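As structure tokens, the structure follows; a few thoughts come after it.
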Amino acid sequence: MGSVTRGTTHPNRLRRMDRWITAVHGRELRRAADPVAVDLGYGAAPWTAVELLNRLRATVPHARVVGVEIEPARVAAAQPYAREGLTFRHGGFEVPLPRRPHLIRAANVLRQYDEAEVAGVWERLCARLAPADPARGSRGGLLVEGTCDEIGRRHVWVALGPEGPRTVTFATRLGSLARPSDLAERLPKALIHRNVPGEAVHAFLRDFDRAWAAAAPYASYGARQRWMRAVRDLTADWPVTDGPTRWRQGEVTLRWEALAPGA
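First residue of the sequence shown: 800, per the working numbering; consecutive thereafter.
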């Protein structure tokens, strides 16, 4: 279920997303008896699925990854890369696994879809996630859906649980950034057409640019210090959910409802 993507990809393209996943969702994955992650729409080459397994296993040694692709020829081409903990399967948004996965990563998949289709895709994918288990302190599985540039320097993604959207994360290689609003071109499909006056994401990027300009004196200490100061100033008016440990990585995460269309 779904449409064939262009399939273009590059090694190490999704490193920022993977780094964030292991940091914020690693505990949930370690708690699972059989943690399964899906790399949905991995493209013409399986590099991102291979890398996801390697990065997850650094903190979740028993994790498994299933690469899911809607184009049968891509699944066949990926089979030589299969190994213990890594398999490839034909499918789409139905996520054809016998058990619900604990993680679905869908990077650069919805870019080609219409904005009106996003909510339905999110709902379908969230329904496939491992359910929450309050008795065990589990919030359930995680869907991470977003967009990045060709070599992974700029990336914006939405994190969703079984209940729906939770957060939006902006991540960048700080040395390549002229101003935070440069990330607007990598907004996921749910937000990219909302970067107009009157929408929350537009107001946020405007305020981020202003905080960045105000933090210009910190540039003498490096782009990282300038970013951290700008994000700290943003916390006065925006619901930033993370802290300096993540900011140092060139990230900032906000609650979804603050940036949602019509918010």
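Don't be surprised by glycine CBs; every beta carbon is placed ideally from N, CA and C.
A quick note: this is a predicted structure, and the numbers were derived from the prediction, not measured.
Residue state for A958 is assigned as strand, using DSSP reduced to three classes.
Fewer than three pairs of CB atoms, one per stretch, sit closer than 8 Å, so the region 843-851 makes no contact with the region 824-833. The beta carbons of A1059 and A999 sit closer together than 9 Å. The alpha-carbon separation between P897 and P1016 amounts to approximately 55 Å. When beta bridges are read from the DSSP output, S937 appears opposite D932. In the three-state scheme derived from DSSP, where H, G and I count as helix and E and B as strand, A836 is classed as strand. Around R1047, the same chain offers R1023 and M1027 as residues with beta carbons nearer than 7 Å, after the five sequence neighbours per side are excluded.
Counting along the chain, the unbroken beta strand (DSSP E) around F887 starts and ends at L885 to H889. For L851, the enclosing alpha helix (DSSP H) has its first and last residue at W846 to R856. Under DSSP, V865 shares a beta bridge with V837 and T886. According to the DSSP assignment, T821 belongs to the alpha helix (DSSP H) that extends over R814 to R830. Selection G884, H901 and A872 evaluated against G890 yields A872 as nearest (Cα-Cα).
The Cβ atoms of T971 and R993 lie no closer than 9 Å to each other.
Contact check between the region 1004-1012 and the region 978-989: three or more CB pairs, one atom from each, fall below 8 Å, which counts as touching. Between G840 and A906, the C-beta spacing is below 9 Å. Rounded to the nearest angstrom, the Cβ distance from A881 to L855 is 16 Å, too far for a contact under 8 Å. Of the candidates R923, S937, E949 and R812, R923 places its Cα closest to the Cα of F892.
Where F969 is concerned, the enclosing beta strand (DSSP E) starts and stops at G963 to T971. When DSSP reads this structure, R985 sits in no beta bridge, so it has no partner. In the three-state DSSP reduction, E916 falls in the helix class (H, G or I).
Cα atoms of D1036 and V967: separation of roughly 16 Å, rounded to the nearest angstrom. About 6 Å separates the beta carbon of R904 from that of D838, a gap short enough to meet the 8 Å contact definition.
A distance of 9 Å or more separates the beta carbons of R815 and V859. According to the DSSP assignment, V874 belongs to the alpha helix (DSSP H) that extends over P871 to A877. Beta-bridge partners assigned by DSSP to T1052: T968.
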